[in-house]
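Visitor: I have a structure I would like to understand better, so I am pasting it below and will then ask my questions one at a time.
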Amino acid sequence: VGADGSASRVARYVGVECAQVDLALEAEVPVGERTAGRWQGRLLMEWGPLPGSFGWIFPKGDVCTAGVVAARGNPAALRAYKEDFLGRHGLLGPRPLHDTGHLTRCRRPGSPLARGRVLVAGDAAALLDHWSREGISYALRSGDMAGRAAVRVAATDAEQAAAATRDYGRRIDETLGVEMRASGALMRLFFRTPGLAHTALTRLPWAWHHLDAYIAGHTTVAGIMATPLGRTATALASRLPVPSPRTAEGEPVRSSPAGQP
């Protein structure tokens, strides 16, 4: 089972293809008692200046995790946004405990999840939420499914092993795939009309309560988009072009070598 992250070598072997590739820049910033108290019980999400981008601050006692994310292809603009974002929230002065960047990848529907007796899961399989770029819950759930499939694959002949890997792909598509398609629709809407998304969240209590439930893990994007208002948003998103990764040839983005931006 390949579970070696977004720069996975196993994913390249399997042939994983991505519909969306983003760059996230994140810092772990130490804060004093006063700042820690100000952030206690709060988090911040900010719509960024780049299409589909946002910034976040998650407090963790005497440390704040802060970062920004946007489509891969304009790292200088994203770094400038990060500096501005940290500065505006008083997090630019302290020396970060960690200051990192990484790619987030969203799987293209139908992209391979196995090759022979090799499977991929989590970030290696490019399983994550298109809008929030959250991938931990996807990694845990796909890892469980991949582990169960791997037990079957290891204990049987080639024909039955192929059936086990097909079943794994079907289970992913029927569960995590549903959530990814819903988050993809939300991302298209946010990418094209961030003002509409902001207005909905700030003017419609329904939208805010559902976002709060999603962040708390009480619902999924698929559950939200299955509501009447969500279905209307999905219908609108289906008429909008899908934000595509920036490649010179316009071809699907395939998993790149480890560490390659």
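Per this note's numbering, residue 855 is the first one in the sequence shown, and the count goes up by one each step. Glycine included, each C-beta is placed from N, C-alpha and C at the ideal position.
1. Over what stretch of residues does the beta strand (DSSP E) that includes Trp901 continue unbroken?
2. Suppose contacts are defined by Cβ-Cβ distances below 7 Å. Is Val922 in contact with Pro884 by that definition?
3. Whole angstroms is fine: what's the gap from Leu940's alpha carbon to Val875's?
4. Just list the residues that DSSP pairs Glu880 with in beta bridges.
5. Could you please give the first and the last residue of the uninterrupted beta strand (DSSP E) stretch that includes Gly869?
6. Does the Cβ-Cβ distance between Asp799 and Gly989 come in under 7 Å?
7. Do Asp953 and Ala1116 come within 7 Å of each other at the CB atom, strictly closer than that value?
8. So what does DSSP say about Val1005, is it helix, strand or coil?
9. Thr1029 to Ala1070, Cα distance in whole Å?
10. Arg915 to Ala1012, Cα distance in whole Å?
11. How about Ala857 and Ala1003: do their beta carbons lie closer than 7 Å?
12. Give the secondary structure of Gln1014 by DSSP, where H, G and I count as helix, E and B as strand, and everything else as coil.
13. Taking the runs of the alpha helix (DSSP H) that are 4 residues or longer, which of them lie wholly in the stretch 1027-1096?
14. Quick check on the DSSP output: the alpha helix (DSSP H) that includes Pro929 runs from which residue to which?
15. Would you mind stating whether Gly902 and Tyr935 have Cβ atoms separated by less than 7 Å?
16. Mind checking Leu994: buried by the 16 CB within 10 Å criterion, or exposed?
17. For His1072 and Gly891, what's the separation of their Cα atoms in angstroms?
Guide: On the basis of the data shown:
1. 898-901
2. no
3. 23 Å
4. Gly921, Thr954
5. Neither: Gly869 is in no beta strand (DSSP E) and is coded neither H nor E.
6. Nothing can be reported for residue 799, as the shown portion of the chain is limited to 855 through 1115.
7. No answer is possible for residue 1116: it lies beyond the span of the chain, which begins at 855 and ends at 1115.
8. helix
9. 19 Å
10. Position check: residue 915 holds Gly in this sequence, whereas Arg was assumed. Those two C-alpha atoms are separated by around 52 Å.
11. Here Ala857 is not near Ala1003, since their CB atoms are 7 Å or more apart.
12. helix
13. 1030-1046, 1048-1057, 1059-1069, 1075-1079, 1082-1092
14. 929-942
15. yes
16. exposed
17. 27 Å
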